[in-house]
Amino acid sequence: ALIAFAYIGYYNGLIDELSTTGASEQVDLNDKITTCTCFAELMTTYGEKYLVSGGTIKDSEYFSSIIYNAKTNEYNMDETAGAEYSAEMGNITGVGPIPDSGIDEVELNFAISYNDYFTEFYRRLPETAWIYYTSDNRFVFLYPWVSSKDFKYSEDLKELAFYSVATPENNQFREAVWTPVYLDAAGKGKVVTLSDPVYFGDEFKGVLSIDITIEALSSFLQSNFDGYVIDDENNIIAASKQSAVGSEVISLKDYTGLNDSEIQAVEAAKNDVVQKIGKYYIYKASLNDAPWTVLLVVPQYSIIGRALALTLPEIIIGILLLLGYFVLMNLQKVEELLKKASLTDSLTGLN
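Residue numbering for the sequence shown follows the working numbering, starting at 229 and increasing by one per position.
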């Protein structure tokens, strides 16, 4: 009875742990995602008001660090690498002469003015890979600082997901949107990006973007269970196991071995509760500001095995108690035989 009750207690405890772990991971991811969303919306609002007001910081030491190279017809802020503030400075790289008048100059100024805000955000959310503003006027301001030799603006950037998802053609409601997984052009590996468009009235000016690496997202899923962040098409965005987030995007079905009916059951499953689907227990939760789902999956045999392992001390104690009982019974029988032998003549059977 002790072993049975202990096993049932551990089994139910592991189910509760699955639920608690899933809820905790959901809270952690929601916190980071909401922080990114709020920051992006604040920065785009700030940028749009800056463009309207025509504010300028042209006389700052940052603006004076922009250097134009007539041979390449490009400009950058590579000189900040040797400045005392370089550790807290991004880099602007662009094509063409440096804008020196009109709305184009104002836009370049406001991109530079993002720097202090980017610095503080990066300090508070170190999981961030890059924060940057990509202008439709052919420049990008990237934080933290990277030499133009390693990364610089090119027209090809506008073909990448971080930019294309925010253009008027793909984002008519001017919302902050998350990209699918793609390969970072600046060398940080696979990333997802929150992109928010910036407008000057009805004129599209550029895109504010925040990159988070898949590795950073996966770090929030480390637990005793297999955890995944999946998109609307059940592709794995992040996972507790590195093998699930390799060079190619893997579907949940292909990686876990869930069959079609089980995948459909996962899609129809309720949020925020542990449910049994086929041979698996799952915990499913939606994220507030991203089109993703947190999913914890554990085979039933794993729960059974872990519950048995946790019950092992009770099993050992039970076995020892039984052995002790049998030894005691045998000792009592021997004691009775010895007592009888001491009181009875073995030849006549008389006392």
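Backbone N, C-alpha and C define an ideal beta-carbon position, used for all residues, glycine too.
Checklist entry - Span of the beta strand (DSSP E) holding P527? => result 521–527
Checklist entry - Cβ of E276 within 8 Å of Cβ of Y371? => result no
Checklist entry - Taking the runs of the beta strand (DSSP E) that are 3 residues or longer, which of them lie wholly in the region 350–408? => result 356–363, 367–371
Checklist entry - So, do the region 526–540 and the region 235–248 have three or more beta carbon pairs nearer to each other than 8 Å? => result yes
Checklist entry - Do you know whose CA, among V420, A493, G283, lies nearest I464's CA? => result V420
Checklist entry - Ordered along the chain, which non-local residues of its own chain (more than five positions away) have a Cβ less than 7 Å from that of T362? => result V368, L385, Y391, G434, V435, S437
Item to check | Pairwise C-alpha distance: L480 and V319 | outcome: One point to set straight first is that residue 319 is Asn, not Val, in the sequence displayed. If I take the Cα positions, the gap works out to 39 Å.
Item to check | Element boundaries [alpha helix (DSSP H), containing F428] | outcome: Where F428 is concerned, there is no enclosing alpha helix (DSSP H), although the beta strand (DSSP E) it sits in stretches over 418–428.
Checklist entry - Cβ atoms of Y509 and I478: under 8 Å apart, would you say? => result no
Item to check | Whether V526 touches D454 by CB criterion (8 Å) | outcome: yes
Next on the checklist: By alpha-carbon positions, which one of E245, E307, A232, G241 ends up nearest to L524?
Outcome noted: E245
Next on the checklist: On a Cα-Cα basis, can you pick out the residue from K507, E403, E476 that is closest to E490?
Outcome noted: K507
Checklist entry - According to the neighbour-count rule (16 or more other Cβ atoms, all chains shown, within 10 Å of its Cβ), is D287 buried or exposed? => result Any reading at D287 is ruled out, since the residue's pLDDT is 47, under 50, leaving its predicted position unreliable.
Next on the checklist: Please classify F401 as buried or exposed, where buried requires at least 16 other C-beta atoms within 10 Å of its C-beta.
Outcome noted: exposed
Next on the checklist: Ignoring anything shorter than 3 residues, give me the beta strand (DSSP E) runs that lie fully in the region 493–520, in order along the chain.
Outcome noted: 502–505, 508–514
Checklist entry - How would you call F349, buried or exposed, if buried means at least 16 neighbouring beta carbons within 10 angstroms? => result buried
Checklist entry - What is the C-beta distance between E302 and S293, in whole angstroms, given that I count them as a contact (C-beta under 8 Å)? => result No, E302 and S293 are not in contact; Cβ-Cβ is about 15 Å, not under 8 Å.
Checklist entry - From Q503 to Y360, what does the alpha carbon distance come to, in whole angstroms? => result 41 Å
Checklist entry - For the region 545–558 against the region 248–264, are there 3 or more C-beta pairs whose distance is under 8 Å? => result no
Next on the checklist: Quick test of your reading: N516 and T248, contact by CB under 8 Å. State the CB separation rounded to the nearest angstrom.
Outcome noted: In fact, because the Cβ distance is near 19 Å, the residues do not count as touching under 8 Å.
Item to check | Contact set for W520: own chain, Cβ-Cβ below 7 Å, skip 5 residues either direction | outcome: V457, I458, D459, I465
Next on the checklist: Suppose contacts are defined by Cβ-Cβ distances below 8 Å. Is T441 in contact with A357 by that definition?
Outcome noted: yes
Item to check | Residue range of the unbroken alpha helix (DSSP H) whose run includes L279 | outcome: 230–281
Next on the checklist: For a test of the three-state rule: what should DSSP assign to F453, helix, strand or coil?
Outcome noted: coil
Next on the checklist: According to DSSP, is D460 part of a helix, a strand, or is it coil?
Outcome noted: coil
Next on the checklist: One question on the structure: do Y278 and F346 come within less than 8 Å of each other, judged by their Cβ atoms?
Outcome noted: no
Checklist entry - In terms of residues, what are the limits of the alpha helix (DSSP H) holding D332? => result 330–341
Checklist entry - For P354, which of S447, Y529, L549 has the nearest alpha-carbon? => result S447
Checklist entry - In terms of residues, what are the limits of the alpha helix (DSSP H) holding I295? => result From DSSP, I295 is part of no alpha helix (DSSP H) but of the beta strand (DSSP E) over 295–297.
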